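Asker: Everything in the sequence shown is counted per the working numbering, starting at 7 for the first residue and increasing by one.
Even glycine gets a Cβ: it sits at the ideal position worked out from N, Cα and C.
Computed from a predicted model, the values in this text were never measured in an experiment.
Got a structure here, written out as structure tokens. Questions coming.
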Amino acid sequence: MRSDKVFRFWTHFSPLFALCFVAPIFVSPIWAQAPANALPAGTGRDLVAVACTQCHGLKLIMALRDGPVGWRHFVDDMILRGAQLNPEEADTVAQYLSKNLGPGTAPMQSGLKSEPLPPGDGEKLVESHCVLCHDFGRITTVARSKEEWSNTVNNMMTRAGTNIATQDEILTMASYLAAHFGKKPS
Ligand code: HEC
Ligand code: HEC
Numbered sequence: 007m008r009s010d011k012v013f014r015f016w017t018h019f020s021p022l023f024a025l026c027f028v029a030p031i032f033v034s035p036i037w038a039q040a041p042a043n044a045l046p047a048g049t050g051r052d053l054v055a056v057a058c059t060q061c062h063g064l065k066l067i068m069a070l071r072d073g074p075v076g077w078r079h080f081v082d083d084m085i086l087r088g089a090q091l092n093p094e095e096a097d098t099v100a101q102y103l104s105k106n107l108g109p110g111t112a113p114m115q116s117g118l119k120s121e122p123l124p125p126g127d128g129e130k131l132v133e134s135h136c137v138l139c140h141d142f143g144r145i146t147t148v149a150r151s152k153e154e155w156s157n158t159v160n161n162m163m164t165r166a167g168t169n170i171a172t173q174d175e176i177l178t179m180a181s182y183l184a185a186h187f188g189k190k191p192s
């Protein structure tokens, strides 16, 4: 008798039970909770853990390296998409990200084939400026004209922040890249 009652209790209430105890697991971004503690400690960490996990996991963020300008751009873009940060919090988050996931912190690995750079004028500059955020594979696997390389290098150095490279250095890098990773005439 008693076990029958218990049985009926569960058959009656299990959907409710499921709704109360299981549903919230799906409603809350569980994927965000586990890796939150993987974020390096620092001012802004908690803001990132909450405001940046409403739509996707932290993995997307942790996998990226960018400079202060690049991260600022991402943060602004995410706010346009709906990230809940006031202007002051946005500053804190951008600073936190560029400090902890910025140039020189374990560069992103593209998985692309990476070969030593051919010698030439500009090689050392590319070596010191272009592996701060990602590996060489990103560079050595593409073929671009001088103008295109110039745009890429400008874009990369802008992301990294001003004062990273002078205009002369940017031009030297673009010429070097066009000479060695240029478009083959078709
Ligand atoms: C309102 C939803 C939302 C929130 C909140 C949000 N993001 Fe995003 N995020 C997106 C979407 C959508 C994409 C995919 C964009 C795409 O593929 O173009 C994305 C992609 C990204 C990417 C990958 C971009 C790339 O091109 O590799 C990064 C990095 C990122 N978000 C960082 C953040 C940070 C930092 C925060 C917190 C400030 C944040 N996101 C909060 C919606 C959001
Ligand atoms: C401040 C960080 C940073 C530095 C320094 C940097 N990059 Fe990048 N680079 C990025 C980011 C971020 C991406 C985009 C990654 C993604 O979306 O997955 C990228 C992507 C690329 C790509 C692939 C996208 C494209 O345009 O085809 C190339 C090529 C590239 N970088 C070249 C360079 C060169 C050349 C240098 C040195 C002049 C350099 N990078 C320095 C951050 C950097």
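1. Thinking just about the alpha-carbon of each residue, which of Leu45, Lys65, Cys58 is nearest to the one in Asp82?
2. Using a Cβ distance threshold of 8 Å, determine whether the segment 74-81 contacts the segment 97-110, with at least three qualifying pairs required.
3. Determine which residues share a DSSP beta bridge with His140 and list them.
4. According to DSSP, is Gln173 part of a helix, a strand, or is it coil?
5. Quick check on Arg71: does DSSP put it in helix, strand or coil?
6. Just how far apart, CA to CA, sit Thr168 and Gly63?
7. Rounded to whole angstroms, what's the CA-CA distance from Leu91 to Pro124? Just pull it up for me.
8. Please classify Gly117: is it buried, with 16 or more other beta-carbons within 10 angstroms of its beta-carbon, or exposed?
9. In terms of alpha-carbon separation, which member of Asp174, Glu95, Ile85 lies closest to Gly128?
10. Just checking my contact of Gly50 with Gly73 at CB under 8 Å: how many whole Å lie between their CB atoms?
11. Are the beta-carbon atoms of Ala180 and Ser151 separated by less than 7 Å?
12. Near Gln115, what residues of its chain come up, given a Cβ to Cβ distance below 7 Å and the 5 sequence neighbours on each side ignored?
13. By the 10 Å Cβ neighbour count, where 16 or more other Cβ atoms means buried, how is Leu66 classified, buried or exposed?
14. Check the C-beta distance from Pro113 over to Leu138 and give it rounded, since I have them as a contact under 8 Å.
15. Should Leu103 be listed as close to ligand 2, given that the test is whether its C-beta is under 6 Å from any heavy atom?
16. Can you say whether Arg5 is buried or exposed, counting buried as having 16 or more other CB atoms within 10 angstroms of its CB?
Answerer: On the basis of the supplied data:
1. Counting from one through the sequence shown, the residue named residue 82 turns up at place 76. For Asp82, the nearest C-alpha among the options comes from Cys58.
2. yes
3. Translated into positions along the sequence shown, residue 140 becomes position 134. The partner list for His140 (beta bridge, DSSP) reads Met114.
4. As a working mapping, residue 173 is identified with position 167 in the sequence shown. Residue state, collapsed to three classes: helix.
5. Start at 1 with the first residue of the sequence shown, and residue 71 comes out as number 65. Coil at Arg71, not helix or strand.
6. As a position in the sequence shown, residue 168 is number 162, starting the count at 1. As a position in the sequence shown, residue 63 is number 57, starting the count at 1. Answer to the nearest angstrom: the Cα atoms are 30 Å apart.
7. Here residue 91 refers to the residue found at position 85 of the sequence shown. Here residue 124 refers to the residue found at position 118 of the sequence shown. For Leu91 and Pro124, the distance between alpha carbons rounds to 46 Å.
8. Along the sequence shown, read from residue 1 onward, the residue named residue 117 stands at position 111. So Gly117 ends up on the exposed side.
9. As a first step, residue 128 must be located in the sequence shown, where it is residue number 122. Nearest to Gly128 by alpha-carbon distance, out of Asp174, Glu95, Ile85, is Asp174.
10. Counting from 1 along the sequence shown, the entry for residue 50 is found at position 44. Counting from 1 along the sequence shown, the entry for residue 73 is found at position 67. In fact, because the Cβ distance is near 16 Å, the residues do not count as touching under 8 Å.
11. The residue given as residue 180 occupies position 174 in the sequence shown. The residue given as residue 151 occupies position 145 in the sequence shown. In this structure, Ala180 sits away from Ser151, with a CB-CB distance that is not shorter than 7 Å.
12. Mapped onto the sequence shown, residue 115 falls at position 109. Asp141, listed in sequence order.
13. Locating residue 66 in the sequence shown gives position 60, where the first residue counts as 1. Its Cβ having fewer than 16 others within 10 Å, Leu66 is exposed.
14. Counted from its first residue, the sequence shown places residue 113 at position 107. Counted from its first residue, the sequence shown places residue 138 at position 132. Correct: roughly 7 Å between the Cβ atoms.
15. Here residue 103 refers to the residue found at position 97 when the sequence shown is read from its first residue. Every heavy atom of ligand 2 is 6 Å or more from the Cβ of Leu103, so no.
16. Lying before the first or after the last residue shown, residue 5 is absent from the chain, which here runs from 7 to 192.
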